[in-house]
């Protein structure tokens with residue numbers, strides 16, 4: 118429960134924790150004697166349940182004040198619930214996976230079996246596309262729903278309520294989350310329109326069977342593909358959002374080097390940031406690895422089927438290849454961009470700290486030189502010589518204290534820079550940091566697969 122001092126003590130900023138129950142009782146007696154209202158500015162701890170019920174309405178009104186951050190988090194949670202990521206209970210878990218299996222797997226397979234014609238020679242291609250899209254969505258649903266069920270949305274995004282109350286962080290949090298919501302809606306809507314255009318074109322040009330049956334198959338394929346695409350793409354955007362929120366703190370850490378001079382503050386803040394990056398890497402490493410493997414296998418099989426196909430590929434026959442490839446590649450690019458950006462931002466802290474260390478060291482040396490140059494008169498020089506020739510105990514202690522303080526500060530900064538050089542941090546997947554080097558490795562690996570497929574199909 119919450120207890121506060123009356124108005125005459127409101128000039129105090131923070132009140133200490135009173136462990137003495139007698140003192141708390143005295144304060145309560147003073148408040149009852151003066152008949153003053155108790156405000157909710159400074160919390161106290163108490164075990165009196167009757168007084169808790171007395172002041173419960175004021176506390177609930179204070180906590181019920183919604184901020185723009187709470188509103189945008191509620192929207193994001195509603196979207197994730199619609200997509201099936203909210204599996205906090207057995208009922209929601211059952212409903213989510215039943216809907217996914219029905220809409221994402223059963224509906225397209227049944228639709229492709231019903232829409233069976235002799236002219237449609239790439240039916241196997243479409244089944245393969247449906248299988249890989251469903252696998253990618255299942256990976257996203259499994260990995261993210263587990264983390265959301267374990268940590269909750271706020272802890273999953275590393276949104277600190279106390280830090281979020283600051284105006285600068287609050288505005289940046291709202292901006293990043295709202296931007297992620299717009300990105301999901303715009304990309305899913307764009308892919309939905311592209312898929313719809315492809316299916317309508319095929320329905321109008323390929324007239325087989327009943328028109329109503331064709332229309333039902335069209336709607337089933339569009340709805341199923343849109344749901345599966347939204348799930349897989351939302352997972353990629355959610356990973357991008359987590360990294361973007363941490364970038365806000367890395368930017369603030371760069372500004373902290375300009376405001377503070379305490380090395381211990383820098384160490385504590387950097388350890389906290391590295392801890393967050395380690396937790397992000399641990400929570401998303403399986404998702405990133407499986408997503409990369411599924412997309413690589415999908416593109417490998419697709420390229421093998423396309424290059425080995427003897428007929429002519431048109432927008433009607435091979436449109437699903439283009440649409441599915443677009444979604445998968447864009448999702449991989451979003452994840453790699455977010456991971457590499459935060460990794461290089463974390464590694465860039467080393468250069469900022471090195472520059473800060475050099476600047477402080479040079480500034481300290483220059484100030485000492487200016488001080489010595491300012492005593493350029495002969496009398497001042499004699500005075501300085503007399504000071505250095507005076508072997509009194511007080512002068513020696515003062516000189517040793519200044520030198521020790523300067524050397525201690527220098528050694529602290531040097532140790533801090535060396536710590537950053539060996540603890541760069543970043544998003545990692547089982548020890549491999551996701552940076553430009555890993556992106557180059559992935560690129561040449563994919564290029565090797567493409568060359569291998571082309572050598573086995575076109576050149577043979």
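Numbering (the numbering used here), first residue to last: 118 to 577.
C-beta atoms are modelled at their ideal positions from N, C-alpha and C, and glycine is treated no differently.
- Under DSSP, residue 549 takes part in a beta bridge, and its partners are 546.
- For residue 463 against residue 401, the beta-carbon gap comes to about 15 angstroms, at or over 8 angstroms, which does not count as contact.
- Taking C-alpha positions only, residue 317 is separated from residue 335 by approximately 8 angstroms.
- Within the same chain, and ignoring the five residues on either side of residue 228 in sequence, the residues whose Cβ sits closer than 6 angstroms to its Cβ are 334, 337, 338.
- Each residue's CA atom was taken as its position, placing residue 214 and residue 315 some 28 angstroms apart.
- Assignment of residue 241 by DSSP, reduced to helix, strand and coil, places it in the helix class.
- Within the same chain, 286 come within 6 angstroms of residue 280 by CB-CB distance, once the 5 residues on both sides are set aside.
- Taking 9 angstroms as the cut-off, the beta carbon of residue 189 is found closer than this to the beta carbon of residue 295.
- Check the Cα spacing between residue 566 and each of 470, 416, 468: the tightest is with 416.
- For residue 334, the enclosing alpha helix (DSSP H) has its first and last residue at 328-376.
- Between residue 254 and residue 349, the CB-CB gap stays under 9 angstroms.
- Approximately 3 angstroms separates the beta-carbon atoms of residue 257 and residue 352; this is inside 8 angstroms, confirming the contact.
- Distances from the CA of residue 424 to each of 278, 569, 391, 539 were compared; the closest alpha carbon is that of 569.
- Closest option to residue 262, judged by alpha-carbon separation, among 451, 525, 221, 210: 210.
- Taking C-beta atoms under 8 angstroms as the contact rule, residue 545 and residue 398 qualify, at a distance of about 5 angstroms.
- A straight line joining the alpha-carbon of residue 221 with that of residue 300 spans about 22 angstroms.
- The beta carbon of residue 473 sits closer than 6 angstroms to the beta carbons of 374 from its chain, once the five residues preceding and following it are set aside; these are given in chain order.
- Boundaries for residue 184: no alpha helix (DSSP H) harbours it, and the DSSP string shows neither H nor E there.
- Residue environment for residue 205: exposed (fewer than 16 other C-beta atoms within 10 angstroms of its C-beta).
- Taking residue 527 as the centre and dropping the five residues before and after it, the same chain places the C-beta of 478 closer than 7 angstroms to its C-beta, in chain order.
- Under the 8 angstroms Cβ criterion, the stretch 529-540 does not count as touching the stretch 441-452, having fewer than three qualifying pairs.
- Remark: C-beta atoms of residue 340 and residue 250 do not approach each other more closely than 9 angstroms.
- Distances from the alpha-carbon of residue 409 to those of 420, 439, 197, 447 put 447 closest.
- Taken through DSSP and simplified to helix, strand or coil, residue 379 comes out as coil.
- Comparing alpha carbon positions, the residue from 451, 306, 540, 278 closest to residue 183 is 278.
- Here the alpha carbons of residue 354 and residue 192 stand approximately 15 angstroms from one another.
- When DSSP states are grouped into helix, strand and coil, residue 289 belongs to the helix group.
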